[in-house]
Structures are given as structure tokens and as C-alpha cells.
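Single-structure report; data block below.
Residue numbers (the working numbering), protein chains in the order written: chain A, 1 to 315; chain B, 1 to 478.
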């Protein structure tokens with residue numbers, strides 16, 4: 001899930017490709033403490049969302065593990081009265097993100113991992129609650145794990161939060177899984193994970209890796225030629241999403257998605273217009289790899305070494 | 001003429017191509033268009049499948065086979081070409097110009113909405129536990145004890161289930177010399193649970209009842225019992241079972257256990273009226289200890305129990321009335337069915353009702369009246385009836401507004417029907433107790449026609465009218 005930020009456009013070159021980068025106000029890495037080497041956190045599932053319980057002040061609630069969000073995001077329903085650092089009409093693209101504001105949270109913890117001070121966005125997350133019928137306090141974004149590696153065992157529903165050694169690696173004794181099927185570096189831009197991929201050996205693409213996206217998404221214009229070779233599974237019309245009267249949905253399946261040095265087959269994707277999402281992520285984005293991608297295996301994201309690993313592979 | 005021939009040849013080639021392609025795929029994207037091919041020779045299920053994939057809704061889809069394409073036209077498809085049996089429809093791809101929201105989840109949530117509440121099993125008519133080793137049982141105090149044997153080396157064991165919002169940070173179990181225990185107060189019903197050992201989910205391996213957790217595992221299922229069938233005597237019988245309307249009279253399913261001079265079986269039974277009989281070595285008998293019996297169409301005598309809450313209907317005054325009845329949605333509004341008795345100065349009738357929301361009226365000597373002692377009303381089909389909730393799980397309250405003529409409450413629980421529920425005035429507030437569905441409930445008050453958020457509730461979320469909706473979360477175990 002992309003969150004929202006106030007930003008200025010900028011262009012940078014990454015791996016030969018030019019990318020629009022939007023900068024926002026720098027935010028120091030959150031200061032954490034906790035007596036553990038590897039924290040084992042049970043995951044709950046709601047649809048294809050990964051839910052982790054966390055405590056804010058004395059309240060415990062559900063948070064979506066969301067690598068598409070740059071930092072902590074709180075649901076306005078429950079945190080509307082938090083102190084405001086600065087108001088901003090963030091996004092504001094279609095008016096569906098009204099009244100997001102920044103706040104500072106003291107006393108946030110995920111089991112034994114505590115944060116002294118955290119910047120957070122407060123915004124309306126009612127769509128998640130209503131879509132999944134689960135009470136959602138917020139989203140856990142990438143910045144919260146900036147000093148760690150996280151491993152998600154999607155099959156056993158466990159999140160491992162690893163403390164790292166001085167080289168930025170998970171200490172050998174703490175590694176839960178070995179011999180990754182896939183190992184690749186990623187770019188962390190505005191705290192969003194970007195994986196370089198290629199489809200059909202012809203189209204290089206930058207994918208945001210978003211554990212909050214329940215469906216892979218791809219920008220139709222950038223994959224128009226690919227779409228003609230894809231198997232179109234279905235098309236339909238979606239009404240009443242945000243302020244949009246109706247959206248055309250095109251669901252497709254394709255083979256030969258290369259990420260790192262591994263090929264993924266039978267990928268399901270929704271073809272859409274990602275302009276606005278690019279703004280939300282702070283980058284132009286060719287596609288978003290979500291549940292259909294990460295459900296293939298146990299994966300580790302090392303935010304210090306900026307490495308993505310996937311163990312096992314399920315078609 | 002030449003040009004026409006070229007066009008015909010081109011069309012033929014195109015259609016041959018289409019037919020060949022139709023064998024592989026009947027929905028493709030090409031040149032900013034979606035292309036749909038329909039073979040009129042396809043079977044109805046195949047056609048239905050193709051139309052569903054093409055986003056064509058409607059029950060009269062088979063009309064397509066008869067040459068009526070209105071359902072396709074309504075979904076934005078245009079007929080482009082036609083061969084004898086194969087039709088080609090097209091539709092422009094508009095995703096370029098769609099105003100897509102900035103958050104992926106706004107799309108992905110809407111594509112597939114969650115049905116029901118995963119992890120919260122739907123209620124059932126009855127339930128009997130099945131353990132290979134009993135790990136969950138009721139203590140004499142009435143609380144339910146969950147037990148995980150062994151795991152002496154575990155650092156932390158938690159109990160998580162539908163009774164504690166599937167907590168992963170609370171629900172700590174206590175270590176004993178033989179395992180881990182946790183005591184929980186449960187209402188009768190069905191519950192799903194798992195243990196969490198050192199952060200790892202595990203279902204109860206001693207419990208044979210489970211349901212798929214929707215991913216790669218199972219949730220264990222436990223029924224908190226509320227009823228015990230007892231049959232005195234029959235000590236020489238070798239097998240006694242109970243069966244009834246709740247289990248479709250399956251005589252082989254629920255055996256009674258022999259005690260000193262009686263047989264018994266406990267189970268969970270859903271509220272409502274239950275007919276039952278015992279089966280003693282193949283012979284059906286009604287319950288000799290239960291005086292309430294009903295004869296069925298086949299001449300069998302069944303015993304009857306009514307499970308639920310007692311709701312007392314009371315009408316003061318009407319000293320001279322000859323006959324007072326109560327009728328409501330609980331008895332399909334039958335007028336001469338439930339009689340009130342004259343006790344002291346009032347007419348009363350205690351009824352056992354299934355928890356829920358009911359409209360009702362009294363019938364005094366044939367004249368229908370609302371309950372003069374109740375200011376909560378339910379409007380059904382234009383008719384205003386008195387309203388009562390049996391075993392309500394929430395009370396809506398609105399303080400003040402003394403001069404308001406009517407205050408109504410509406411929300412997701414009644415599909416925002418703004419006329420249905422009229423709140424009653426009690427002291428200095430408007431109130432209405434209701435039985436609400438579990439999970440998230442959105443609602444608003446309507447004071448003399450003006451919609452408003454609940455000023456006594458801090459929780460609200462934005463709505464499409466930019467006026468917000470109040471929120472409550474209804475917990476099943478409260």
C-alpha cells in the first residue's frame with residue numbers, strides 16, 4: 001500500500017533507467033530498543049494482508065505489514081486526536097486522501113521491539129477495515145525496520161525481525177532459512193523497495209515491492225505490448241472506488257517474470273494506470289509486486305544491506 | 001466492386017484468424033482494445049464462463065445464444081464482426097484515462113471483499129466436541145479451561161481464538177507441571193482457536209474438530225455446551241442415542257453415556273425450538289421426564305425444548321378486556337396464538353425467544369395496539385410496531401434533544417433503512433437496545449429528519465457525503 005507524502009519532483013538515474021523521485025522531508029531513523037536477537041512475531045491474515053499486532057501507548061491493535069508504506073501510518077478513526085506536527089493535504093489527487101496529517105508517536109512496540117519516537121501519518125484507512133472486516137489501527141511501513149532484516153514465513157504465518165551484525169548481515173546462528181532460491185539487491189527510494197525485473201527478456205521494469213498490495217499491478221501503457229501476449233483472465237468494472245465513478249479492471253496472467261536471476265511463471269496481474277500510485281510511492285513505478293509474488297515463498301528483506309531473498313518457490 | 005471483394009476477403013481472413021484464436025483464448029487485448037470472441041455453439045456453462053470473464057452480468061445470459069446481445073452492449077461491448085457461429089465484440093481499454101486512486105489497496109480491497117468474518121465460525125444448530133485427549137473443558141466455576149500438554153521448554157505459550165480477537169500479543173497461558181493452561185469465560189457457542197508456542201501458530205492436535213484457516217493451516221473448533229440430555233433408567237440397554245430436529249434425526253450421531261442409573265449426553269444447542277427423541281437399542285422414545293410433547297405428521301411423539309431468553313410481555317390496565325394476545329415477528333404475526341394471562345393488575349406472558357430484534361403488538365379483544373409502556377418502535381411495511389431486542393448486545397444512546405419529535409437510528413445493520421427504527425425516550429436521553437451483527441457497524445442518528453453522527457462516540461469514519469458515519473465494533477463474546 002502506498003502511503004502519501006508531500007513531495008517535490010526530481011529525476012535520478014538508476015541502473016540506466018531514469019526515475020522520477022519525489023523527495024519529502026527527511027525523517028531520522030527511528031530509535032529502537034529491545035532485548036532480542038531475533039523477534040518472532042505471529043502474523044494474522046486478513047484476505048491476503050499480513051497483520052501484526054502492535055501496541056501504541058496502552059492500546060494494542062492490528063497493523064498491516066506494509067512495505068508499500070514508507071513509515072508508520074495510523075488510522076484516523078482511532079488516532080484523529082493525536083497531536084499534529086504539520087497538516088498537509090497530501091496526495092489530494094482525487095480527493096480521496098483528505099486530511100492526512102503528521103504526528104509523533106512515543107511508546108510504540110511490537111512485542112519486545114520498542115520505538116522511543118516515531119513519525120507517523122494519520123489518515124483514513126476505513127477502506128481496509130470495511131473490505132476485510134477487521135479492526136485496523138494502522139500500517140507498519142519500511143522505515144520502522146530500517147535497521148533490521150525481516151523474514152516473512154507466509155506458510156507458517158510468522159514474521160521474524162532480525163537484529164543485524166556490524167556487517168549488516170543476519171548473524172549465522174540466527175538465520176532461520178538457508179540457501180535462498182532467489183537473492184537480489186534492491187533500491188530503497190523514499191523508503192519504498194524497488195526490485196528490478198524483466199518480462200519476456202524484452203521489457204525491463206521497476207517494481208515496487210508492496211506487501212500491502214493484495215494483487216500485482218502493472219501500468220498498462222508501459223506494458224501495452226506485453227499485454228497483447230498475456231492471457232486476459234477477466235475484465236470488469238469497479239464502481240465507487242474513492243471518488244472515481246468507475247474503473248476498468250483487466251486481469252491477466254503471464255509467464256517469464258525475471259526478478260534477480262529467477263524466473264517466475266503464471267503471474268497474475270491487474271493492468272491499470274499507475275500514475276497516481278507513482279506519486280504516492282514517491283517514484284514513477286512500472287509495476288507493483290504484491291501478494292501473488294510474495295506468496296511464492298518465504299522472503300527476507302534486509303533493509304541495511306538492501307537485499308531481497310526468497311526461500312522455496314511455489315508455483 | 002473490387003474494393004468490396006478485398007474487404008470480404010480481408011473479413012474472411014480475419015474471421016478465420018478469430019476462429020483459430022478462439023480455440024485458445026476468447027478474451028485478448030490488442031491495440032488498446034479488448035477483443036471478445038463468442039462461439040454460439042459453446043455449451044451454456046462455457047458461455048456463462050466467457051461472459052463472466054467479460055464482466056457481463058445478468059441472469060438472461062442465455063439470450064446471447066438466441067441473438068439478443070443486450071447484456072453485452074450494457075457492459076460496453078460492441079459487435080465488430082460476425083461469422084456463422086463466431087461473434088467478435090470489442091471494447092476500448094480505458095485504463096489510461098481512468099482516475100485510479102493513489103493507494104493500491106483502494107483497488108485491491110474493492111476487487112474482492114471478504115465474506116463473513118474469517119476466523120469467526122458461523123453459528124450452527126448444534127455441536128459436539130471430539131477430542132482424542134480432552135484439552136478443553138469446563139471448570140465447576142463455569143469458566144472454560146484450555147490445556148496444552150507438555151511443551152515444558154517453551155518460553156511463551158499463548159491461546160488465541162475467536163473469543164479474544166485472535167490476539168497475538170496477549171492470551172498468555174500459565175505453565176503447570178504437565179503443560180500450559182488458560183481459563184476463559186465463554187458463552188455457549190462455537191469457537192475457533194489455536195495455540196502460539198514461542199511465536200509459532202499450532203492447532204490443537206488433540207482436538208479432532210477443525211476448520212481450514214483459509215491459508216495453509218487449521219483452526220481448532222470448540223463448542224461451549226449449554227444443554228444436557230438425560231434419560232433415567234433403561235439401565236439394561238446397550239446403546240442410547242439422542243436425535244432431533246437439530247441434527248436431522250440422525251440416530252447414529254450423538255450417543256449418551258451410561259451413568260449409575262441414567263444416561264446422559266451434553267452438547268451445544270442453538271437457541272430456538274428443538275424437537276427430539278431418544279433411541280434406545282433401535283427403539284424411539286420421547287423423553288419421559290419432559291412433559292412438553294408434540295405429535296408430528298407421521299404420528300410420532302416428540303419431546304420439545306425451547307432454548308433462548310425469557311422475554312416478558314406485559315400490558316397494564318385493560319381490566320375489562322376479555323382476551324389479550326401478543327403477536328410479532330417471532331410468531332409470524334399470528335393473532336390468536338400467544339395469550340397473556342391476567343396476574344394482579346396486569347396482563348403478562350413470558351415467552352422464550354431466540355436472541356434478536358422483534359416488532360410486536362398486543363391484540364386486546366381483537367384490536368391491535370402498540371405497547372403503551374414502550375417508546376421504541378419498528379416500522380415494517382408502513383406499519384408502526386413496538387420494538388424489543390432479546391439479548392441485545394448494544395444500546396444506542398443520544399443524550400439531550402428534549403424537544404425532538406422523533407429520533408431514529410440507522411446503519412449498516414439495516415442497510416441504512418432510515419425509517420425502520422425509532423428510538424425511545426428514557427430520562428434525559430433517547431435509547432434503543434439492539435442485537436447487532438458481530439464486527440464493524442456503521443450508524444447514524446436522524447433527529448427530526450436531520451442526519452447526525454453520534455456525539456457520544458468518538459469513533460467515526462468519512463463517508464461519500466463528507467458527513468461521516470459513527471462506528472462501533474460488536475464483539476461476539478461480550
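The C-beta atom is built at its ideal place from N, Cα and C for all residues, glycine as well.
The structure presented is a predicted model; accordingly, all values stated were derived computationally and were not measured.
Item, Value
"Beta-carbon proximity of residue 215 of chain A to residue 301 of chain A, cut-off 9 Å", "no"
"For residue 434 of chain B, the first and last residue of its enclosing beta strand (DSSP E)", "429-434"
"Own chain, CB closer than 6 Å to residue 380 of chain B, minus 5 neighbours either side, in chain order", "359"
"Proximity test, Cβ basis, 9 Å: residue 394 of chain B and chain A", "no"
"Boundaries of the alpha helix (DSSP H) in which residue 294 of chain A is found, first to last residue", "291-294"
"CB contact below 9 Å: residue 347 of chain B versus chain A", "no"
"Rounded straight-line distance, which links the Cα of residue 116 of chain B to that of residue 40 of chain B", "38 Å"
"Contact the stretch 164-183 of chain A vs the stretch 213-232 of chain B: 3+ CB pairs below 8 Å", "no"
"Residue-level contact to chain A via CB, residue 478 of chain B, 9 Å cutoff", "Confidence in residue 478 of chain B is poor, its pLDDT being 45 and thus under 50, which makes the residue's placement too unreliable to answer from."
"At least 3 beta-carbon pairs within less than 8 Å: the stretch 70-79 of chain A vs the stretch 216-223 of chain A", "no"
"Alpha carbon of residue 303 of chain A to alpha carbon of residue 125 of chain A, nearest angstrom", "26 Å"
"Whole-angstrom distance between residue 278 of chain B and residue 284 of chain B, CA atom to CA atom", "6 Å"
"contact_flag[the stretch 135-155 of chain B, the stretch 264-284 of chain A] where n(CB pairs < 8 Å) is 3 or more", "no"
"Status (buried if at least 16 other CB within 10 Å, exposed otherwise) for residue 110 of chain B", "buried"
"Short Cβ contact (9 Å threshold) for residue 107 of chain A with residue 161 of chain A", "no"
"Chain A residues whose Cβ lies nearer than 9 Å to that of residue 359 of chain B", "Simply none; closest approach about 28 Å."
"Residue from A/306, A/251, A/207 with nearest C-alpha to residue 278 of chain A", "A/207"
"Cβ of residue 284 of chain B within 9 Å of any chain A Cβ", "no"
"Residue nearest to residue 91 of chain B in terms of C-alpha spacing, selected from B/82, B/84, B/72", "B/72"
"Alpha-carbon spacing of residue 293 of chain B relative to residue 300 of chain B, whole angstroms", "10 Å"
"Residue 439 of chain B versus residue 134 of chain B: straight-line alpha-carbon distance, rounded", "31 Å"
"Contact list for the stretch 37-48 of chain A against chain B, Cβ threshold 9 Å", "39, 40, 41, 42, 43, 44, 45, 46, 47, 48"
"Buried versus exposed, by CB contacts within 10 Å (16 or more), residue 274 of chain A", "buried"
"Under 9 Å between C-beta atoms of residue 287 of chain A and residue 313 of chain A", "no"
"Cross-chain neighbours of residue 227 of chain A in chain B, by beta carbon under 7 Å", "29"
"CA-to-CA distance, residue 310 of chain B to residue 103 of chain B, given in whole angstroms", "50 Å"
"Close-in-space but distant-in-sequence residues of the same chain around residue 129 of chain A (CB under 8 Å, 5 per side omitted)", "75, 77, 135, 136"
"At least 3 beta-carbon pairs within less than 8 Å: the stretch 172-189 of chain A vs the stretch 60-70 of chain A", "no"
"Residue 169 of chain B and residue 121 of chain B closer than 9 Å at C-beta", "no"
"Three-state secondary structure (DSSP) of residue 350 of chain B", "strand"
"Whether residue 142 of chain A touches residue 111 of chain A by CB criterion (9 Å)", "no"
"Minimum Cβ-Cβ distance from residue 300 of chain A to chain B less than 9 Å", "no"
"Per-residue DSSP class, three states only, for residue 230 of chain A", "coil"
"Inter-residue Cα distance where the pair is residue 145 of chain A and residue 232 of chain A", "37 Å"
"Nearest-angstrom beta carbon gap, residue 234 of chain B and residue 243 of chain B [assumed within contact, 8 Å]", "Residue 243 of chain B to residue 234 of chain B, Cβ: 16 Å. No contact."
"Nonlocal neighbours in the same chain, by C-beta distance under 7 Å from residue 212 of chain B, ignoring five residues either side", "218"
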